Each structure stands twice: as structure tokens, then as C-alpha cells.
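Some notes on the structure that comes next.
Chains as they are written, first to last, in this note's numbering: chain A, 7 to 318; chain B, -9 to 387.
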């Protein structure tokens, strides 16, 4: 096990290097000369040269790459180009609000979609099953933008049940007041695809021999579904959950933007709007690293849940 | 089977004649038969084809070419709702006075060479919003005077055409400038569907080519391409798309197709690499090798048709994903430029309109997209079932 983890970590290095190279290629080569963006419309050559020297982009590419690698390793990306806030400070302070929305969302959506998936898988082929699947397909087709716009308008603006947008101080206050509508909308959006997927996982298991054996020896239907089927179906569910984690951090960027939640996702959009390269570079690299690590974590959980899995 | 029973009934001779007709149907024929039998899939296909025909007609300028014309009053309600009595009178003549209340500043001028242009600009011809009232003196030193006269040369005919009755209601309502939402939706579908299909074709092409190379050659090529794949797939797709959008400052349909196409190929690569790994050791490829077929010929003439059903299904899945992505990108303003209408930019306008109670643009763009995406998803599921019946029932609905 230990050797396996070490080998996997070793194998990650080329991928991580690739990510660094790709981001470097995008922002230092494709992105062109950021000095012109920074200096603004009215600028003279002297100013531009100064900025170039400050950013180190008057240096050859290999020196710039060295600077970039050093920035990643020391988590010191300097200051944001637009607000002059330190990038590391931006990342740390934006993580909290994102997680305040994401963690409850993840727990609720997983529990609800698993329960619903078990239910519709149990009555597979029935009218209920087909209706739920049709609703899911249609629900998936409506743009997430429409959900957000309509829910925000109806529940916050018209009915006034929730604040239209904003963010306060204190975890519990935020969770109870500002995060509830965003979580509700994200739930509506995320349950449809999860339910569809988990239902197929359950259906794969529900026709297995052990289910028949369980019934034959008189195990209650509830126990068969909640213990036997769920346990076996949980392997692909966990893999799916783990691999979707890093994406979730950004997946809610529309929610964060609409509700003015100062999270990572909103920061990415702001940074793209302002051509704030250091912020986007930092977020891209670290989220990619997080994805690579969660992939390993997913494989390890896989092993923990299913002892038959051989780690190579 | 039918031939066998015929043979039993009629003796040996008819069988001999029948044999040339017993060529067993190919994968595509069988798949098409299964698809034809699936009524839901055929309805979905009809809807998708209808949208694509609409896109082509709109692209050729045959329908909705004049979507920028302000044919209705501002925020004209949909016809089935009826005219908005509280607002402007039902027949509002768009004269400069009516269009621009701040008119007198230049109304007093006897000869205003570009007055009608200004009038049309104030009526909202420029998406940026009505110009503030200016005096002619300012215009004489206006640095944009040249541009203005150019605009005049373009728009003078159209500006005169604006002097006519504006409609109180439109089939699906009007937007802020009184433009027909129905025509905007059609024009928007042109952008969204074109971007969806073009970027899916690009992503599928890249994924297929790299997947074929990796799976077929194996070894160092495979190692390198696999590394390339793992780098791209270790970034959440939306983050990668936004990062590329941040770097490519130039906005346009080509840019967004490139962004989506260059970032979205990983899924196709993974599947195609597996297909080529599986097929390259098969006898028919060895046979092709024996008769002297080149590597390229074996890859693309011999193996590719056997993997093409995977490509087709992936293409179909990608179109749906990219239509959704384009809508979000255009909504955020990272997608199509402001003078191009897409469902995303319509939803962006609709966001503010909803607070004023003008819901029709939201409903029009949202429904058009939902109908297309639903039909496309159902069709994709059926297509996969038809091409690979073993998968049937795996994805429900």
C-alpha cells in the first residue's frame, strides 16, 4: 500500500510538470505581452519597459519558467494586477465562502440522489421510474442560467424569502441566511444528472444473484436495497463523487457570481474579466494539482470499499 | 431465416437465386433500422433536424436576417398577452421627437446634415445605448464625425425606413429596443448551434486523430500522448475554458469554437485509443498489413470505420455539452461579441428584463435551448442504444 502510494506520487510529477508547462505556455506565450494591458491606453515605452522588468517578462523564456515554478512552490504569486491584493491571500480568503456553499450542497445532493436513485431503481420500468427519468432529462436540458435567474427572481426578489444577494460575517449566519438559496438552486441542478447516473449503478446491482439469494433467505426488501445493493453500488458512486470534487469548487462559479458570494469561482470570473493573469494562473495550477491528488484519493477509496480491487 | 423457410416451401432452385440478396445488413443499416423503430428517437431527430434547418436558413440570410430592426415598441409584449396599455400608445410613430425626448437641442437647427442618423442612433440603433443629447457645435469638432458619416452612408436608407408605425405586440414579444424576440431566438440558434457543432467536430477530430495515433502506434507515441491527455484532463473543463478565454482577448465565433474544440477532445481520445488498441491486433488489420496497406491506410481506411460508431456518439454528446458551454460563456461576456446574438447573450439581457416583469425573452431563449438539448440528448441515447444494443437501458429515459 505504502509503496503503491509512493509510486503513484512519483508518477504524478510528469503530469504536474505538464500542467505547469501548459499554463506557462498559455499565459506567457499565447497571452502576449501583458505590459500593454497593465500600462493602460495612454502609455509610453518607458512605462512599458518598467512593467516588463517588474514582471520579469523581459527575460528569456526559460528564466520566466523558472520564476513561475518558484512562484508555485512558494505559493507566492505576488499581487493581483487589478486590486494589488496578494494572490495567496485572495485564495485563502475565498476558499471559506466557497466551502460554506459546497460542503452542505455535496452532503445533501449525495444523500438525496442516492435515496431517489434507490427508489426509482426499485420500481424500475414503472410509470414512476419513467416519469422521473423524463423529468431528469428535461431538467438537465434547461440552462443552469435559467434556474438561477428564475429562482433568484421568484424566491428572493418577489417573495422575499431569501436575500437577493450578499455575504456577511460568521459561518452560521452565512449558512442560514445567504447560502440557503444558492444551495437550493445547486441542489435542483445537481440532482438530475446524479440521479440518472446512480440509477444505472443501482440497476447494475439489482439484477445480481446476491439480491435473489437475499430475497430467498427472507431478507427484508428494505435491507436488500439499503444494505446489499447500496453497498455494492457505492463503489462507482464514490469514484464519481471524488472525481467531481475539484470541478465542484468551480462548478458553482455562476451561483457565486449571481449571489455575490466572495468565493473561488467568482474570483475566477472576475480575474478573467480583468485579465488578472496571476490570479487565474494560481487558481488553474492549484486546482489542477488538487484534481491529480483527488484522483489518487479516489483510487485509494476504491480499494478501501472493494477489497477485490488490485492496486497496480 | 426467411430464406430458409422459402427454400423449404419452394425447393432448391429459388434459394440459389435468393443468395445474392442475402448479404447481411451492415452495422449502419442495422442501427438505422433499430433507430427507425424507436418512435421517441425519431421525434427527437426530427426536432434536431428542424433546428439545424433553421440554423442553415438563418445562416443563408433567408429568415431572421433583419433581426436588428426595431419593429415593435420597446418591450413589446407577446401577441398572446396583448398590448401593454400602461406604456406607450398602441400606434407609436417613430419620429425623432417620439424617439428622443431630448430632441429640441437639434430640432431648432434648420439644416442638420446628420440629424436622421442621430435620430436613429437615439432610437437605439447602437447596442451601447442612446447617445446623450449633443449640440451641433460640438458635432462640428466631433472627432467621430468621419465615422458618423460612414454610419450615415450605411444607415440612411434604414433610418428613413424607421419613420413608420411600430407594432404594439410581437409574436414572442420585443426586447428593450423593440426588436423581435422570435427573430432574435432564431438568429441566436444559428450562433449557438453552429458553435456547438463546429467545436464538437473540431474536438472529435483532434481526439480521434490523437487517439488513433496513440492506440495504433503504442510505445513512445502512446506514452507521450497519454501524458498530454493526463495534463489536459487534470484540469476541470470549465477552468481550462476560462483560462484560455482569458488569454485569447479577441472575441468572436471562431475564437469560441477554438476554445471549446481545443479543450474538449480528451473524452474522445480516451475512447478512441482503447478502440485502436483493441482493433490493431485483429485479423483484418493483419490481413491489410499482408496486402501491403500503409500505416495511415490501416488506421483510417480499415480500422476507423469499425470505431466510427464511438466517434458518432461522442460527437453527439459533445454537441450538447458545447451548446450549453457556449450559452454560459456568452452570458458571462467571454463568448460571442456584442453585435452577435446568441442564446447566452439573450439570457444576459433577460436577466435585467425579468425584474421589470418582461419575461418573454428569458422564456424564448430558455425554451428554445431546452427543447433542442432535450431532443439532442434523447437522440444521443437512442443512437448509442442503436449502435451498441448491449448498452440498452443503461442511461434511462
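Glycine included, C-beta positions come from ideal geometry on N, C-alpha and C. Predicted model, so just to flag it, every value in this text is computed and none were measured.
Among the options, nearest to residue i - alpha-carbon criterion
i                      : options                    : result
residue 105 of chain A : A:270, A:148, A:73         : A:270
residue 76 of chain A  : A:242, A:191, A:23         : A:23
residue 342 of chain B : B:321, B:332, B:361, B:262 : B:321
residue 69 of chain A  : A:203, A:289, A:34         : A:34
residue 310 of chain A : A:37, A:238, A:298         : A:238
residue 314 of chain A : A:32, A:85, A:299, A:241   : A:241
residue 192 of chain B : B:263, B:205, B:251        : B:251
residue 174 of chain B : B:204, B:354, B:64, B:293  : B:354
residue 172 of chain B : B:58, B:23, B:221, B:21    : B:58
residue 325 of chain B : B:236, B:170, B:69         : B:236
residue 116 of chain A : A:306, A:291, A:199        : A:199
residue 207 of chain A : A:225, A:181, A:128        : A:128
residue 374 of chain B : B:224, B:20, B:55, B:67    : B:20
residue 62 of chain B  : B:22, B:364, B:164, B:14   : B:164
residue 114 of chain A : A:224, A:196, A:56         : A:196
residue 275 of chain A : B:231, B:309, B:289, B:307 : B:231
residue 157 of chain B : B:226, B:212, B:60         : B:60
residue 330 of chain B : B:41, B:33, B:55, B:34     : B:55
residue 170 of chain B : B:68, B:358, B:284, B:255  : B:68
residue 286 of chain B : B:241, B:200, B:307        : B:200
residue 219 of chain A : A:273, A:234, A:278        : A:234
Chain B contact residues for residue i, given Cβ-Cβ distances below 9 Å
i                      : result
residue 33 of chain A  : 233, 236, 237
residue 20 of chain A  : 217, 220, 221
residue 260 of chain A : 318, 321, 322
Contacting residues, own chain, Cβ-Cβ under 8 Å from residue i (five flanking each side not counted)
i                      : result
residue 43 of chain B  : none
residue 37 of chain A  : 283
residue 214 of chain A : 238
residue 307 of chain A : 244, 245, 248
residue 98 of chain B  : Model confidence at residue 98 of chain B stands at a pLDDT of 39, short of 50, so the residue's coordinates are unreliable and nothing is read from them.
residue 66 of chain A  : none
Beta-carbon contacts of residue i that lie in its chain and below 7 Å, excluding the five residues immediately before and after
i                      : result
residue 304 of chain A : 245, 248, 249
residue 73 of chain A  : 62
residue 60 of chain A  : none
residue 201 of chain A : 119, 122, 123, 142
residue 188 of chain B : 247
residue 135 of chain A : 126, 129
residue 145 of chain A : 198
residue 161 of chain A : 167, 168, 187
Partners in chain B for residue i, counting only beta-carbon separations shorter than 8 Å
i                      : result
residue 124 of chain A : Simply none; closest approach about 14 Å.
residue 275 of chain A : 232, 322
residue 163 of chain A : 345
residue 115 of chain A : Result: empty, since nearest Cβ-Cβ is about 17 Å, beyond 8 Å.
residue 159 of chain A : 344, 345
Cβ-Cβ separation, residue j to residue i (assumed contact under 8 Å), whole Å
i                      : j                      : result
residue 155 of chain A : residue 352 of chain B : 6 Å
residue 186 of chain B : residue 316 of chain B : 6 Å
residue 191 of chain A : residue 153 of chain A : 6 Å
residue 184 of chain B : residue 45 of chain B  : 6 Å
residue 221 of chain B : residue 25 of chain A  : 6 Å
7 Å Cβ cut-off: residues of chain A touching residue i
i                      : result
residue 356 of chain B : 148, 149, 152
residue 314 of chain B : 149
residue 179 of chain B : Going along chain A, no residue has its Cβ under 7 Å from residue 179 of chain B, so there is no contact; the nearest lies around 13 Å.
residue 194 of chain B : Under the 7 Å cutoff, chain A gives no residues; its nearest Cβ is about 21 Å from residue 194 of chain B.
residue 363 of chain B : 147
Cut-off 6 Å between Cβ atoms - residues of its own chain near residue i, not counting five sequence neighbours on either side
i                      : result
residue 110 of chain A : 189
residue 31 of chain A  : none
residue 267 of chain B : 205
residue 1 of chain A   : The requested residue 1 of chain A is not part of the displayed model; chain A covers only 7 to 318.
residue 335 of chain B : 320
residue 302 of chain A : 14
residue 118 of chain B : Residue placement at residue 118 of chain B is poorly supported in this model, since its pLDDT is 44, which falls under 50; the coordinates still yield a value, given next. Around residue 118 of chain B: no qualifying Cβ.
residue 35 of chain B  : 369
Interface partners of residue i on chain B, CB under 7 Å
i                      : result
residue 108 of chain A : Chain B residues near residue 108 of chain A: none, gap ~13 Å exceeds 7 Å.
residue 281 of chain A : 236
residue 134 of chain A : Chain B residues near residue 134 of chain A: none, gap ~12 Å exceeds 7 Å.
Contacts that residue i makes with chain A (C-beta to C-beta distance below 8 Å)
i                      : result
residue 337 of chain B : 149, 151, 152, 155
residue 360 of chain B : 144, 147, 148, 149, 152
residue 317 of chain B : 149, 151
residue 367 of chain B : 143, 146, 147
residue 352 of chain B : 152, 155, 156
So does the segment 359 to 377 of chain B actually touch the segment 283 to 303 of chain B, counting three or more Cβ pairs closer than 8 Å? yes
Using 8 Å as the threshold, is the segment 212 to 226 of chain B in touch with the segment 332 to 347 of chain B, meaning 3 or more CB pairs across them? no
The segment 96 to 104 of chain A touching the segment 276 to 292 of chain A, judged by at least three CB pairs closer than 8 Å: yes
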